[in-house]
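Numbering (mature numbering (1 follows the signal peptide of the UniProt record, and there is no 0)), first residue to last: -27 to -1, 1 to 381.
The structure is reproduced here in structure tokens:
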């Protein structure tokens, strides 16, 4: 079964299972309904708090652009205002770039003090929690767009936080479903030295157990950041034989810092595919995504930002669009009305994924299809065909209601 057929079949089951229609190429541009045109006038400010990427000291082809995430927010505000012309609602973006020594909590309090009740955070997990706790009781809705930590949807969940970025469990479940479909059962797990690498490895172990995959070997990566190293060294020669004597179908790399994962493909002793944080990856967005109106979004973003749209751009876009879409559907921008509505099953976000997206009421995670891609092509879309659920196939990805540790 070729990759394009897999992608089409996965997309078909998503659309049929959730929307009851087989139309897969419908553009999902923001639109105003006749009912929405009756909305009362409103002026909604949305705060974006982020830490700018530090420019690399030497050339790095994979370096994040300075406006990563911010460009997605700007496009979303423009989209919100496109609809707002019909609903008599206007939107504005208040951007706060955290320079060295500036606190995310202080930035959040400043924005809330100006009357802003929607905060979009492109920050790590600890700062997300600090901001959420600092604005608790202020009627503020916080959107997490950059922290995939499962604990934020579990024991450390917060009622005022909604998660747009998929959890690590959702990402590894998407990969595991595809491996199951392809009958790749034996996994060789390679774990980097960083804390986030270990968290990704934990998520993959859980996914392997969930989908009956076998981890036949596991080794720590001890050769340093070879993917970023220049020139040849004895260490590289040692790494060449790192996979010798292991029986596996697939090498899974856990390298969220992108230090060494790109070094592994085509350097294993036996010819085996590589997946995980590098190689074949699970993502919210990719330049090769073109179906469901995504091509139009790709083109609009390129015209706006002068570059390709990255996953963080998409995640921030979806957070800002969530506010605009909820305001359109409820015909008001009142935060007291919209805050509980985000978790209401009646809320839905059209987001170029073939189905409208919703937030899970038990942990406030955005349900969404996950695309599985290689660097130059989309391979498939999860959930895969055949993985069913009593509510929606999207709930086969990540922690389900009976297993959640989240208690609001």
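Glycine residues also receive a C-beta, built at the ideal position from the N, C-alpha and C atoms. Here the structure is a predicted model, which means the values were calculated and not measured.
Top-ranked residue by Cα proximity to residue i, from the options
i: residue 167; options: 153, 142, 198 and 183; result: 198
i: residue 260; options: 112, 65 and 280; result: 280
i: residue 302; options: 315, 357, 43 and 141; result: 315
i: residue 34; options: 244, 312, 235 and 335; result: 235
i: residue 284; options: 369, 252 and 257; result: 257
i: residue 68; options: 55, 61 and 83; result: 83
i: residue 118; options: 326, 43 and 327; result: 43
i: residue 184; options: 377, 36 and 360; result: 360
i: residue 45; options: 95, 150 and 253; result: 95
i: residue 355; options: 340, 304 and 47; result: 340
i: residue 219; options: 246, 245 and 190; result: 190
i: residue 93; options: 291, 126, 58 and 210; result: 291
i: residue 75; options: 27, 169, 22 and 32; result: 22
i: residue 230; options: 99, 37 and 289; result: 37
i: residue 247; options: 306, 308, 379 and 345; result: 345
For residue j and residue i, the rounded distance between their alpha carbons
i: residue 233; j: residue 201; result: 7 Å
i: residue 1; j: residue 286; result: Only weak support is given to the placement of residue 1: the predicted model assigns it a pLDDT of 49, under 50, and the question is left unresolved by the model.
i: residue 270; j: residue 105; result: 31 Å
i: residue 91; j: residue 116; result: 8 Å
i: residue 112; j: residue 267; result: 33 Å
i: residue 367; j: residue 147; result: 10 Å
i: residue 20; j: residue 173; result: 29 Å
i: residue 110; j: residue 131; result: 12 Å
i: residue 250; j: residue 351; result: 15 Å
i: residue 139; j: residue 114; result: 18 Å
i: residue 297; j: residue 216; result: 50 Å
i: residue 41; j: residue 107; result: 26 Å
i: residue 129; j: residue 97; result: 14 Å
i: residue 54; j: residue 155; result: 44 Å
i: residue 273; j: residue 265; result: 15 Å
i: residue 206; j: residue 237; result: 15 Å
i: residue 133; j: residue 326; result: 25 Å
i: residue 65; j: residue 50; result: 7 Å
i: residue 276; j: residue 294; result: 19 Å
i: residue 329; j: residue 323; result: 5 Å
i: residue 28; j: residue 225; result: 29 Å
i: residue 321; j: residue 244; result: 44 Å
i: residue 299; j: residue 171; result: 37 Å
For residue i: DSSP bridge partner residues
i: residue 134; result: 115
i: residue 55; result: For residue 55, which the question treats as bridged, DSSP gives no partner whatsoever.
i: residue 346; result: 254 and 351
i: residue 221; result: In DSSP, residue 221 forms no bridge with anything.
i: residue 161; result: 190 and 224
i: residue 16; result: 63
Residue i, DSSP secondary structure in three states
i: residue 341; result: coil
i: residue 329; result: strand
i: residue 129; result: coil
i: residue 72; result: coil
i: residue 323; result: strand
i: residue 197; result: coil
i: residue 297; result: helix
i: residue 148; result: helix
i: residue 249; result: strand
i: residue 96; result: coil
i: residue 21; result: strand
i: residue 91; result: strand
i: residue 356; result: coil
i: residue 180; result: helix
i: residue 363; result: coil
i: residue 240; result: coil
i: residue 172; result: helix
i: residue 282; result: coil
i: residue 26; result: coil
i: residue 265; result: coil
i: residue 39; result: coil
7 Å CB neighbourhood of residue i in its chain, flanking five on each side removed
i: residue 188; result: 160, 162, 178 and 181
i: residue 152; result: 186 and 223
i: residue 318; result: 331
i: residue 25; result: 39 and 70
i: residue 136; result: 117, 125, 126, 337, 338 and 339
i: residue 47; result: 66 and 277
i: residue 242; result: 214, 216 and 217
i: residue 306; result: 15, 17, 62 and 300
6 Å Cβ shell around residue i - same chain, five flanking residues per side excluded
i: residue 165; result: 194, 227 and 228
i: residue 142; result: 123, 176, 371 and 372
i: residue 374; result: 335
i: residue 144; result: 255
i: residue 103; result: 78
Proximity test, Cβ basis, 8 Å: residue i and chain B
i: residue 236; result: Chain labels in this structure do not include chain B; a single protein chain is all it has.
Neighbourhood of residue i by C-beta, 8 Å cutoff - its chain only, sequence neighbours within 5 removed
i: residue 88; result: 18
i: residue 240; result: 212 and 213
i: residue 349; result: 261
Closer than 7 Å: residue i CB and nearest the ligand ZN heavy atom
i: residue 160; result: Within the structure as shown, the ligand ZN is missing, as the structure has no ligands at all.
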